[in-house]
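Chemist:
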Amino acid sequence: MVAYDGGLAVDFGAPGVYYYNGAAWNRLNPNDPDWLGTYGGKLVADFGAKGLYEYDGASWSRIRNRDADNTGITTVAYDTGLVVDFGASGVYYYDGVTWDRINANDPEWLRTYGDKLVADFGSRGLYEYDGTSWSRIRNDDADNTANTLVPYDAGLAVDFGASDPVAFEPAASFCDAGLKVDSTLQSGQRMGRAKTSGNPRTTTPQWGHCM
Ligand SMILES: [Ca+2]
Ligand SMILES: [Ca+2]
Ligand SMILES: [Ca+2]
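Everything in the sequence shown is counted per my numbering, starting at 1295 for the first residue and increasing by one.
#1: Where does the unbroken beta strand (DSSP E) through S1429 begin, and where does it stop?
#2: Who does V1296 pair with in a DSSP beta bridge?
#3: Should the segment 1439 to 1452 be regarded as contacting the segment 1423 to 1430, the criterion being three or more beta carbon pairs within less than 8 Å?
#4: Just verifying my parser: in three-state terms, what is the DSSP assignment at S1417?
#5: In the DSSP assignment, what are the bridge partners of V1378?
#6: What are the boundary residues of the beta strand (DSSP E) that includes D1394?
#7: Go ahead and label T1369 buried or exposed: buried means 16 or more other beta carbons lie within 10 angstroms of its beta carbon, across all protein chains shown.
#8: Among R1405, D1394 and L1337, whose alpha-carbon lies nearest the alpha-carbon of A1451?
#9: Flag this pair as yes or no: are the beta carbons of Y1407 and A1413 separated by less than 7 Å?
Printed below as a string of structure tokens:
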């Protein structure tokens, strides 16, 4: 489910996509989506082999005749448009009119923070895109067994899994439940690891990667 137009758009599986405005439910589409997303006031649905569709509040239009990849994060709103993971075909940006392939690799995870798009390209490392070019910000494969990365403070909090220096595996809800970047992190220590006080497996996590 995703927040949409002041309400909630929900994937109920075979019954289709419904919209709840806080009082009543409306079926928006009879198909079962692989993924629901939003960008620029539009609802986006990956209807698998039927293609990628958007809904403007009145009608649906197919914006791409291709099945988007659902192994990680399928779509994210970025800038004024939409970024889509098309698997082996790479990462595409849709500005509402045209599609541009912005990266040829298949991401394991997509997210935004600030004005950047971030992509976990597996063993290639973690990259960010500023709208023009990509830079590798970390030469590690971020962990995708839970919530891989979230915007936090002015930066990005990333789960690097077992490759994390403190070898702490966060639970599925860890990042949303309250990731803290330890205040002992030195200023200017970008992308460094914060110190952990106590046993990271038994105490409140106080570590994080930050930038
Ligand atoms: Ca799909
Ligand atoms: Ca992918
Ligand atoms: Ca990964």
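Quick reminder that beta carbons are idealized off the backbone N, C-alpha and C, glycines included.
Modeler: This is what the structure gives:
#1: W1428 to R1432
#2: A1303
#3: no
#4: helix
#5: T1369 and Y1386
#6: W1393 to N1397
#7: buried
#8: R1405
#9: no
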